[in-house]
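Under this note's numbering, the sequence shown is numbered contiguously, ending at residue 172.
Have a look at the structure below before the remarks.
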Amino acid sequence: MKTNCRLTTLLVSLVLSFAEVPRSDGELEQHQCNELGFTSVSCSTCKRFEEIVADESLTDECLQCCQEAKSSSKKYASAKLVYDPRWLSADPELRGFVNDRATDHPALELEPTLYAKTVLLMSEEGADADDVDVINIKRWKVDSIADYLNEHLDEQ
């Protein structure tokens with residue numbers, strides 16, 4: 017039993033040693049923030065988050081990815097919500113968005129795909145199919161998904 021624990025600790029340490037390090041200014045790269053699920057989060061939200069959540073490392077990641085309120089947000093021409101349809105029964109927030117709110121966004125395409133991670137694929141006007149920003153939205157609330165799309169999806 018102790019051997020398994022030590023082996024697990026060694027493997028975790030090894031993986032963490034090869035993880036990408038933050039930029040020298042203390043901020044994470046945009047793609048790292050996207051993978052962590054911190055997209056266009058304001059610094060004031062991270063500070064409120066810090067008061068509620070007791071996980072210091074999670075709060076630190078949020079603060080490294082946050083943007084000041086004055087920054088303008090990037091607009092995308094289209095979005096695709098990729099999700100595993102089997103996950104709908106286990107995630108009431110995703111189910112609520114897919115069933116009730118997805119139709120509010122004409123530029124959003126739903127793509128149920130077995131074994132897929134729950135992500136938004138955001139595309140700019142005229143971009144190649146491979147040139148998309150991937151936003152991990154697993155466990156996001158219905159309103160958070162809708163707010164993100166309202167802020168970043170140009171549906172005019």
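From the three backbone atoms N, C-alpha and C, an ideal C-beta is built for every residue, glycine too.
Worksheet entry | Top-ranked residue by Cα proximity to Trp103, from Arg155, Ile151, Ala70 and Glu67 | Counting from one through the sequence shown, the residue named residue 103 turns up at place 87. Nearest option by C-alpha distance: Arg155.
Fill in: Expected contact under 8 Å - CB spacing of Lys173 and Asn152 to nearest Å
Nothing about residue 173 can be read from this structure; the chain reaches only from 17 to 172.
Discussion item. Can you tell me where the alpha helix (DSSP H) holding Asp163 begins and where it ends?
Written reply: Numbered from its first residue, the sequence shown carries residue 163 at position 147. From DSSP, the alpha helix (DSSP H) with Asp163 extends over Val158 to His168.
Worksheet item: Mind checking whether Leu130 and Asp100 have CB atoms under 8 Å apart?
Response: The count along the sequence shown starts at 1 and reaches residue 130 at position 114. The count along the sequence shown starts at 1 and reaches residue 100 at position 84. Against a cut-off of 8 Å, the Cβ pair of Asp100 and Leu130 comes out as a contact.
Worksheet item: Which residues in the same chain as Glu173 place their Cβ atom closer than 6 Å to its Cβ, once the five residues preceding and following it in sequence are excluded?
Response: No statement about residue 173 is possible, as the shown extent of the chain runs from 17 to 172 and does not include it.
Worksheet item: Enumerated in chain order, which unbroken segments of the beta strand (DSSP E) with a length of 3 residues or greater are wholly contained in the region 125-152?
Response: Within the region 125-152, the complete beta strand (DSSP E) runs of at least 3 residues are 135-139 and 148-152.
Worksheet item: In whole angstroms, what separates the C-alpha of Asp147 from that of Glu167?
Response: Stepping through the sequence shown from its first residue, residue 147 is reached at position 131. Stepping through the sequence shown from its first residue, residue 167 is reached at position 151. So the alpha carbons of these two residues sit roughly 20 Å apart.
Practice prompt. Please state if the CB of Val135 and the CB of Val98 are separated by a distance shorter than 8 Å.
Written response: The residue you call residue 98 lines up with position 82 of the sequence shown. The residue you call residue 135 lines up with position 119 of the sequence shown. Contact flag set, yes.
Worksheet item: Nearest CA to the CA of Gln83: which residue from Ser139, Asp163, Cys49 and Met138?
Response: Locating residue 83 in the sequence shown gives position 67, where the first residue counts as 1. Scanning Ser139, Asp163, Cys49 and Met138 for the CA closest to the CA of Gln83 turns up Cys49.
Practice prompt. Answer yes or no: do Glu127 and Lys96 have a C-beta to C-beta separation smaller than 8 Å?
Written response: Here residue 127 refers to the residue found at position 111 when the sequence shown is read from its first residue. Here residue 96 refers to the residue found at position 80 when the sequence shown is read from its first residue. It is a contact, given that the beta carbons lie within the stated cut-off.
Worksheet item: Going by alpha carbons, who is nearest to Asp74 out of Ser58, Ser60 and Phe54?
Response: Locating residue 74 in the sequence shown gives position 58, where the first residue counts as 1. It is Leu, not Asp, that sits at residue 74 in the sequence shown. Out of Ser58, Ser60 and Phe54, Phe54 has the C-alpha closest to the C-alpha of Leu74.
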